[in-house]
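Numbering of the sequence shown is given in full-length UniProt numbering, commencing with residue 1 and proceeding in unit increments. From the three backbone atoms N, C-alpha and C, an ideal C-beta is built for every residue, glycine too. Note that the structure is predicted; figures quoted are calculated from it, not measured.
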Amino acid sequence: MKKNEVLITKVESSQIEELLNIQKACFKKLFDKYKDVDTNPYAEDLAWITVKFNRPHAHYYFIKNKEEVVGYFRVDIFDETPTSARIAIIGVVPEHENNGYAKTAMRLIEEENPQVSKWQIETIKQEDKLVHLYSNLGYELTGKVEPIKDGMDIVYLEKHI
1 MKKNEVLITK VESSQIEELL NIQKACFKKL FDKYKDVDTN PYAEDLAWIT
51 VKFNRPHAHY YFIKNKEEVV GYFRVDIFDE TPTSARIAII GVVPEHENNG
101 YAKTAMRLIE EENPQVSKWQ IETIKQEDKL VHLYSNLGYE LTGKVEPIKD
151 GMDIVYLEKH I
């Protein structure tokens, strides 16, 4: 799927190692900032991302600008509730941040899944830029906050279409 020059393409099983490298590039800054080895995707290894990739409800996509991979995301859509989906993770490599790639990718995946009427996402409460991005896309805070460690909490957001 394409919007202007931004594309989202499904990640193939042969691309898992590339996926892991993109994931590490996307989350290194947050890992360095919060030192969160338990939940930060930067700390994942090839074996763990392969397990997650092979889950039947997990759909990984690369975000591309023309042919260059600038980020990635995973959408979880469960067969038992196909009208509800979760953007489980989204990341843009640092040199491509602030160019609208995440926003465009999220709009594209919503368009690609018209059966979904409830979208969910979570992010770090202290990362105002991320909370602002999702809010601008119509996601609203649910009120649920999960402490991860001192100075780092996860907030949950939902969007109803």
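At a Cβ-Cβ threshold of 8 Å, I154 and I124 count as neighbours.
With a beta-carbon spacing of about 14 Å, Y42 and M152 fall beyond the 8 Å limit used to define contacts.
Taking a cut-off of 8 Å for Cβ pairs, the region 100-107 and the region 78-85 do not touch, as fewer than three such pairs fall below it. In the DSSP assignment, K64 is bridged to L7 and V69. DSSP, reduced to helix, strand and coil, places D38 outside both helices and strands of the structure shown, so it counts as coil. Uninterrupted alpha helix (DSSP H) stretches at least 4 residues long and entirely within the region 111-148 occur at 128-136, given in chain order. Taking the CA atoms as reference points, I49 sits about 16 Å from I87. Listed as beta-bridge partners of G91 by DSSP are Y72.
D153 sits in a strand when the DSSP states are folded into three classes. Using a Cβ distance threshold of 8 Å, Q23 and G100 do not count as a contacting pair. In chain order, Q115 place their CB closer than 7 Å to the CB of P82, counting only its own chain and leaving out the 5 sequence neighbours on each side. V93 is positioned such that its CB atom lies closer than 8 Å to that of A25. Under DSSP, R55 shares a beta bridge with no residue. Beta-bridge pairing by DSSP links E158 to Q120 and E140.
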